[in-house]
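Visitor: Here the sequence shown is numbered in the working numbering, starting from 36 and rising by one per residue.
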Amino acid sequence: MSISRNRESVVSLPPRVFLSTLSSIQDSDLEENGDLEQFSGVIHDKDLLRKASNGNLLVLDYIDRGAMEPDARFYMELFKKCTDQGRLKEGQMVHNHFVNSRFQHYVVLQNTVVNMYAKCGDMGMARKVFDGMTERDMVSYTMLISGYSQSNEFKEALGLYVEMLRMGLQPNEFTFGSALKSAGGLQSDALGSGIHGACVKCGYQENVYVGSALVDMYTRCKKMEMAKMIFDGLKSKNEVSWNALVAAYAREGEGHNAVKLFSDMKRGGFEPTHFTYSSFCSLCEYWGFGTREMGACTYGEVRTEARCFCW
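#1: Cα separation between Ser271 and Val243?
#2: With a threshold of 16 other CB atoms inside 10 Å of the CB of Asn135, please say whether the residue is buried or exposed.
#3: Note down the Cα distance separating Ser181 from Asn207, rounded to an integer number of angstroms.
#4: Does Lys263 come out as helix, strand or coil in the three-state DSSP assignment?
#5: Are the segment 260-268 and the segment 297-308 touching by the rule of at least three beta carbon pairs closer than 8 Å?
#6: To the nearest angstrom, report how far apart Glu241 and Asn273 are at their CA atoms.
#7: With respect to 8 Å, is the separation between the Cβ of Val149 and the closest non-hydrogen atom of the ligand GDP below this value?
#8: Does DSSP put Ala270 in a helix, in a strand, or in coil?
#9: The alpha helix (DSSP H) spanning Thr147 covers which residue range?
#10: Suppose only complete runs of 4+ residues qualify. What are the alpha helix (DSSP H) ranges in the segment 193-227, listed by chain order?
#11: In terms of alpha-carbon separation, which member of Tyr176, Asp224, Ile230 lies closest to Leu195?
#12: Rounding to the nearest angstrom, what Cα-Cα distance links Ser223 and Met151 in this structure?
#13: Which one of Gly290, Glu289, Ala283, Glu287 has the shortest CA to CA distance from Phe310?
#14: Please state whether DSSP places Asp166 in a helix, a strand or coil.
#15: Mind checking Glu25: buried by the 16 CB within 10 Å criterion, or exposed?
#16: For Asn146, count neighbouring Cβ atoms within 10 angstroms of its own Cβ and tell me buried if that reaches 16, exposed if not.
#17: I'd like to know whether the C-beta atoms of Lys216 and Met160 end up nearer to each other than 9 Å.
#18: Could you check the C-alpha separation between Leu144 and His231 for me, to the nearest Å?
#19: What does a CB cutoff of less than 8 Å around Asn292 pick up in its chain, not counting 5 residues either side in sequence?
#20: Out of curiosity, what's the CA-to-CA distance linking Gly121 and Leu179?
#21: Measuring straight from C-alpha to C-alpha, what distance separates Leu226 and Leu249?
#22: Near Met173, what residues of its chain come up, given a Cβ to Cβ distance below 6 Å and the 5 sequence neighbours on each side ignored?
#23: Would DSSP call Arg137 helix, strand or coil?
Here is the structure:
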C-alpha cells in the first residue's frame, strides 16, 4: 500500500473509511515507501501510528494540526469507537476536542458522550456531562439511568426515572428495563409494581424486553406467582426471561419447578447462564445427589452441567 496521496483525497473520505484507512497502514508500508512527509501531514510519527490501535489518536493529532475540521458525524464515529472498545482515555481526549467545537451543544452528540462515559464505567463524568446539558430528552435520561443500573447504583437510577416522569418525558422499553432492574436490585416490589403499571399504561406489557425485565424484577422481589404469570403471558420469550425464572426457582428451593423449566428452556434452544448454574449448585446440594424423585434423566442433566460449571 502506498501512502503517497494528497490531503484532499484523505479528508474527503467518510469518517468510518478514514479511520479504517489510518488503522490499516502497516509500519512496513512506511519503511518501504520512505515518503512519510508526502502523506500531506496526516501521519507525523510512526510510534504514534504503532500505538494508535484504532486510529483515534491520529485523528486527534490530525485535527490539532489544522489539517481538517471534523463534522458532527465524525465526532459520532469517534465516540462510538471509544464506547464499543471501552477506550475511556481516548474517549476523554475526543471529549476535550468536542467541548471546543461548534457542535458541543448538539443534544444527540451530548447523549453519545453520556453513553460513552456510562458504558466505560465513569458514572461521575457521565453525570457531569448530563448536568451540564442545557437541553435533555428521553434518550439523555435513559442512557444515564441505564448506566446507573448497570453500575448497581439503583437509587440514583430510580431517582432519575422519577425526575424524567416529572419532566413529562415518556420512557421507552430501555428506560423501563433499567428502572425495573433497579427496583429488583433494591428488592422493592412496591417500586417495581409502580413501574409495572407505567409499562402497561405506555403499552409495553407485551414487549419481550420489558416482559423479561418484569420477570426478573418480580423474582428478585420473591414474587414468584407474579413472575410466572407474566412469563406465561409473554408471546415471545428470550434468554433473560427463561434464565431469570429458572434461577429464581432454584434459589427458592423449588426443585420440581426449576428442573421442569430448565428442561423446557433447553428444548426451546435457550442456554443457561452462569447465574442460572450458580443457583442450581446450591439447589443440588440441598437435594443431595442421590435424590430419585426429581427424575433421573432431567435431574442428572442439571446436576452434571451445574457441577461442571460451578466446580
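In this text, a Cβ means the ideal position worked out from N, Cα and C, and glycines have one as well.
Guide: Taking the coordinates as given:
#1: 6 Å
#2: exposed
#3: 12 Å
#4: helix
#5: no
#6: 13 Å
#7: This structure simply doesn't include the ligand GDP, nor any ligand for that matter.
#8: According to the sequence provided, residue 270 is Lys. The question's Ala does not apply to it. Note: Lys270 maps to coil in three-state DSSP.
#9: 142-154
#10: 208-220
#11: Tyr176
#12: 29 Å
#13: When only C-alpha atoms are compared, the closest one is Ala283.
#14: Note: Asp166 maps to helix in three-state DSSP.
#15: Shown here, the chain extends from 36 to 346; a query on residue 25 therefore has no answer.
#16: buried
#17: Judged by their CB atoms, Lys216 and Met160 are not nearer to each other than the 9 Å cut-off.
#18: Separation of Leu144 and His231 (C-alpha to C-alpha, rounded to the nearest whole angstrom) is 31 Å.
#19: Excluding residues within five positions, the ones whose Cβ falls inside 8 Å are Tyr284.
#20: 17 Å
#21: 12 Å
#22: Leu204
#23: coil
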